[in-house]
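Reading through the structure tokens given below for one structure.
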Amino acid sequence: MRKAKENAMSSTGLSRRTLLAAGAVSAAGAALTAAPQPAEARTYHGEMPWSPSAADAPVPVEPGPYEFFTPDEAAFIEAAVSRIIPKDDLGPGAKEAAVPTFLDRQMAGEYGRAERWYMLGPWRAGTKSQGYQSRLTPAQLYRAAIKAIDEHLKQANGKIFAQLSPDEQDKVLGDLDNDKIKLTNVSGKAFFELLLQNTIEGFFSDPIHGGNRDMAGWKLIGFPGARYDYRPYVDKHNQKLDLPPVSIQGRPGWNPKT
Amino acid sequence: MARKLPPKDVVLVGFGWTAAILGQELTDAGLQVLALERGGWRDTPTDFAPTFIQDELRYYFRRKLFAEPSRETLTFRNAMNETALPMRQLGSFLPATGVGGAGIHWNGQTWRFLPSDFLARSHNIQRYGKLPDDNMTVQDWGVTYDELEPHYDRFEYLCGISGKAGNLKGQKQPGGNPFEGARSRDYPNPPLNMTYAPTLFAKAAQELGHKPFPCPAANMSRPYTNPLGVQLGQCTYCGFCEKYACGNYSKASAQTTILPVLMRKDNFTLKTQCEVLKVLMDNTGKKATGVLYIDEQGEEWEQPAEIVILCAFAYNNVHLMLLSGIGKPYDPKADSGVVGRNYAYQIVSSVNLFYDDKYTNTFVGAGALGMGVDEFNGDNFDHGGLGFIGGGYLACWTTNGRPIETHPTPKGTPRWGGKWKKAVADNYLRQTSISTHGAVMSFRDNYLDLDPTYRDVYGNPMLRLTFDYKDNERKMSDYLTDKAAEIAKAMKPREMSVNKRTGPYSIVPYQTTHNTGGAAMGADPKTSAVNRYLQSWDVPNVFVMGSSVFPQNPGYNPTGTIGALTYWAADAIRNQYLKNPGPLVQA
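Chains X and Y, in that order, are what the protein sequence lines are.
Numbers in my numbering are just positions in the first sequence, counted from 1, shifted up by 22.
Numbers in my numbering are just positions in the second sequence, counted from 1, shifted up by 26.
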């Protein structure tokens with residue numbers, strides 16, 4: 023079922039030409055998604071185009087086993103996001119909010135494959151203000167960096183990241199953040215920046231994407247979610263509104279249990 | 027080998043704001059008009075429905091509505107002695123693809139430039155003796171505020187702008203912007219309802235002697251029917267404007283103001299998934315014969331036309347001119363040529379405020395909902411001894427509380443971990459910010475040309491951007507930020523952090539999609555690519571729209587002026603060019 027939905031989405035969202043341009047039609051890419059249908063050039067004359075039931079609705083992520091991460095990668099990710107946004111007396115952390123599932127589905131999808139990025143050479147190291155110049159897609163960066171970090175740690179003291187104590191894990195993440203760990207063939211700093219950004223995305227994005235389980239991220243801060251109309255609240259100056267969050271798929275009070 | 031199609035009177039390259047306006051105006055004049063859009067058709071009920079548009083990840087962080095660098099990007103460097111590298115991901119600015127262009131995902135901040143902005147060179151020289159930097163290529167526009175006023179008015183009434191006049195026919199109006207140029211009538215709609223934080227800003231600004239006013243907004247303060255008979259709905263303050271399209275017909279865009287009328291016209295045709303690769307010229311090089319485009323199936327077509335109008339995103343117009351040989355390419359070393367010259371951008375900074383006792387609830391917001399002050403914009407203040415020209419507005423907006431993007435923490439907070447989590451939770455509902463929105467002047471070595479190395483999907487050289495902020499902009503931005511900090515202090519927050527603009531310009535963090543210049547308009551063909559009617563000096567049946575014609579970028583958001591210039595050019599085409607096709611200004 024999921025595969026069918028993914029294919030439907032890629033046929034509207036991306037053209038084959040785009041994929042070719044990105045060099046993204048690789049063996050790995052082909053294994054994950056069927057060849058998309060080209061969007062055809064169209065002529066509109068004397069009409070306001072509209073088709074009923076043609077809305078470009080999002081495809082919900084279904085919970086379940088990891089699709090991208092190997093067991094070793096999953097152990098790293100679950101441990102790392104637990105330190106980036108920890109569970110504490112304020113409420114669930116990133117792991118409890120299903121951020122690892124979010125990251126997994128992101129890496130397995132178009133984002134992980136960098137389908138929208140320009141990924142042709144020549145490749146050169148640039149200045150900081152020129153931005154990302156690595157030939158690694160997000161999925162490739164995660165895969166290479168997790169492996170390199172665990173190998174680095176194992177060589178140093180015989181343990182991989184997931185086996186370290188929380189304090190030791192914080193130290194490793196801090197060293198990555200401060201670019202103090204030099205890894206083979208991959209930038210630990212670039213990986214940390216992406217992991218941090220993606221973890222925050224998974225904690226605060228709509229649960230439809232697989233993270234922010236039970237809208238835990240939104241409840242933590244008081245964001246009411248995908249609401250459509252705040253007109254009654256504009257004039258309520260300096261009041262704590264306490265609106266329960268709503269996701270694109272509604273909220274528990276609305277949805278009958280199935 | 028391209029196949030040749032039957033001719034049209036007018037071909038519009040791209041189908042965003044400017045093309046929609048021109049399509050409407052030129053079909054009204056009886057012309058057969060074809061618009062070629064590289065992206066797809068998209069409209070409110072199918073693509074921006076309120077049942078799913080409030081999705082921060084999908085639309086902003088996964089770039090759903092924007093152009094894809096995999097298909098088209100540019101190369102960038104800060105200075106001429108660096109090697110430009112491709113912008114591999116979007117960041118600093120968000121160009122669009124698809125019907126409606128970037129005009130579907132704007133905030134709706136719809137300003138008029140100041141009368142003196144159009145005379146940036148002569149006015150500043152007259153008042154201060156000389157420009158502060160010999161490398162400045164700041165120019166007059168060749169058109170005046172008074173000439174554009176009726177066209178600003180038309181655009182504001184098309185869009186249903188919500189605001190409060192500050193100057194009606196020369197009479198200052200209390201509560202409006204006292205610095206604005208005279209307007210012939212008030213805004214079509216009253217200001218939006220104000221959220222809490224902007225009222226705190228306005229009170230503090232007033233105490234300091236400034237004159238705060240509600241910022242002009244293309245978000246509807248009430249239901250509105252525009253002069254074309256198209257209806258917009260009242261804004262619901264959902265806080266998803268910029269980077270999103272409006273699901274509620276409450277934000278002006280081509281879709282919500284023009285397309286329901288234009289699309290049904292018999293003398294208008296739109297082709298989507300058709301990308302123009304080149305403007306074709308006759309053997310004199312002085313006349314365009316049409317355009318060459320490629321459709322999604324990879325077929326190439328030649329579309330003959332009497333008039334070709336470039337309506338693509340700002341720098342894409344410049345790219346197309348360089349690839350087509352329209353006008354002489356700019357050479358910064360020889361200081362010759364015009365196409366690519368005078369690229370500019372915007373310079374922004376902010377002050378974050380954190381409260382213990384004030385709930386600001388910024389998720390209740392709209393893209394142009396805020397209070398501003400204009401005391402430090404343009405030449406509204408004496409620049410004597412300051413060492414810079416230009417300025418910008420200061421505003422307290424309540425645009426959104428979208429949490430991936432907006433979760434500010436006080437200075438000194440770690441970037442992750444338990445302390446970060448607590449700081450985000452403590453501050454999210456009780457914070458606001460003041461932003462400064464500053465002008466960027468043009469300089470000899472900030473420019474666009476063709477990259478020597480990188481090529482696009484069609485094998486053409488990519489556009490190369492060479493750009494950095496100069497002392498003028500840095501001094502100006504620091505000055506604005508200090509003024510913003512004064513107001514912030516008077517707003518009595520628990521604490522505040524002042525975020526000055528530092529370091530070189532970076533293509534990485536989002537700043538604004540206000541890329542300007544490269545096909546500057548002006549009175550002199552030696553220093554401008556198009557004349558005062560946005561007509562190419564070299565190829566008079568080619569016109570160039572959008573912010574690509576700005577000779578430098580004033581301290582306001584550009585869309586209001588882009589709309590006014592489009593109506594101004596449409597008027598010149600209808601009432602002058604069609605009667606006597608040829609140059610509208612003699613060089």
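Glycine is no exception: its CB is placed at the ideal position from the N, C-alpha and C atoms.
Alpha helix (DSSP H) segment containing residue i, residue limits
i: His174 (chain X); result: Pro160 to Asn179
i: Val37 (chain Y); result: Here Val37 (chain Y) belongs to no alpha helix (DSSP H); instead the beta strand (DSSP E) covers Lys34 to Val39.
i: Lys117 (chain X); result: Counting along the chain, Lys117 (chain X) falls outside any alpha helix (DSSP H), and DSSP gives it neither H nor E.
i: Phe266 (chain Y); result: Premise fails: Phe266 (chain Y) is in no alpha helix (DSSP H) and is neither H nor E.
i: Val256 (chain Y); result: First-last for Val256 (chain Y): undefined, no H or E at that position.
i: Phe225 (chain X); result: Gly210 to Phe226
i: Asp94 (chain X); result: Pro93 to Ile106
Cβ of residue i within 8 angstroms of any chain Y Cβ
i: Arg273 (chain X); result: no
i: Arg135 (chain X); result: no
i: Thr55 (chain X); result: With a pLDDT of 39 at Thr55 (chain X), under the threshold of 50, the modelled position of this residue cannot be trusted, and the question is left open.
i: Ile107 (chain X); result: yes
i: Pro209 (chain X); result: A small fix is needed here, since residue 209 (chain X) is Ser in this sequence, not Pro. Not an interface residue.
i: Thr92 (chain X); result: no
i: Gly51 (chain X); result: Residue confidence for Gly51 (chain X) is low, a pLDDT of 36 falling below 50, so the modelled location carries little weight; the figure read from the coordinates is stated next. No, Gly51 (chain X) does not count as interfacial toward chain Y.
i: Asn260 (chain X); result: yes
i: Lys150 (chain X); result: yes
i: Glu28 (chain X); result: The pLDDT assigned to Glu28 (chain X) is 37, lower than 50, so where the model puts this residue is not dependable; a value taken from the coordinates is nonetheless given after this. No, because no Cβ of chain Y sits closer than 8 angstroms to the Cβ of Glu28 (chain X).
i: Gln59 (chain X); result: Annotation note: pLDDT 45 at Gln59 (chain X) (below 50); position unreliable, coordinate value reported separately. By this cut-off, Gln59 (chain X) is not an interface position.
Limits of the unbroken beta strand (DSSP E) element including residue i
i: Trp327 (chain Y); result: Glu326 to Leu336
i: Pro487 (chain Y); result: Pro487 to Thr492
i: Asn403 (chain Y); result: Careful: Asn403 (chain Y) lies outside any beta strand (DSSP E) and carries neither H nor E.
i: His463 (chain Y); result: Gln457 to Gly464
i: Ser523 (chain Y); result: Glu521 to Asn525
Three-state class that DSSP yields for residue i in the structure shown
i: Tyr593 (chain Y); result: helix
i: Gln323 (chain Y); result: coil
i: Leu125 (chain X); result: helix
i: Ala370 (chain Y); result: strand
i: Trp423 (chain Y); result: strand
i: Ala360 (chain Y); result: coil
i: His177 (chain Y); result: helix
i: Arg138 (chain X); result: coil
i: Gly153 (chain X); result: coil
i: Ala340 (chain Y); result: helix
i: Gln578 (chain Y); result: coil
i: Ala45 (chain Y); result: helix
Short Cβ contact (8 angstroms threshold) for residue i with residue j
i: Asp35 (chain Y); j: Ala331 (chain Y); result: yes
i: Gly65 (chain Y); j: Thr123 (chain Y); result: yes
i: Asp504 (chain Y); j: Lys518 (chain Y); result: no
i: Tyr20 (chain Y); j: Gly244 (chain X); result: Outside the displayed range of chain Y (27 to 613) lies residue 20 (chain Y), so it cannot be described from this structure.
i: Phe239 (chain Y); j: Gly202 (chain Y); result: yes
i: Ala338 (chain Y); j: Leu218 (chain Y); result: no
i: Gly614 (chain Y); j: Gly544 (chain Y); result: The displayed coordinates of chain Y run from 27 to 613. Any statement about residue 614 (chain Y) would go beyond what the structure contains.
i: Ile270 (chain X); j: Val83 (chain X); result: no
i: Leu303 (chain Y); j: Thr315 (chain Y); result: no
i: Arg147 (chain Y); j: Val164 (chain Y); result: yes
i: Ile460 (chain Y); j: Ile373 (chain Y); result: no
Beta carbon proximity, residue i to chain X, threshold 8 angstroms
i: Gly438 (chain Y); result: no
i: His540 (chain Y); result: no
i: Tyr263 (chain Y); result: yes
i: Gly207 (chain Y); result: no
i: Met502 (chain Y); result: no
i: Thr53 (chain Y); result: no
i: Ser279 (chain Y); result: no
i: Lys445 (chain Y); result: no
i: Cys300 (chain Y); result: yes
i: Arg29 (chain Y); result: no
i: Arg153 (chain Y); result: no
i: Trp423 (chain Y); result: no
Closer than 7 angstroms: residue i CB and nearest the ligand FAD heavy atom
i: Thr458 (chain Y); result: Absence of the ligand FAD from the depicted structure is noted, as is the absence of any ligand whatsoever, leaving it without description.
message: If we require 3 or more residues per run, which beta strand (DSSP E) segments fall completely within the region 185-251 of chain Y?
response: none
query: What runs of the alpha helix (DSSP H), each 4 residues or longer, lie entirely inside the region 90-165 of chain Y?
result: The region 90-165 of chain Y contains these whole alpha helix (DSSP H) runs: 146-154.
Residues within the region 511-537 of chain Y neighbouring chain B, beta-carbon criterion of under 9 angstroms: Chain labels in this structure do not include chain B; the protein chains are X and Y.
- prompt: Which whole runs of the alpha helix (DSSP H) in the region 180-208 of chain X are 4 residues long or more, in chain order?
  reply: 188-199
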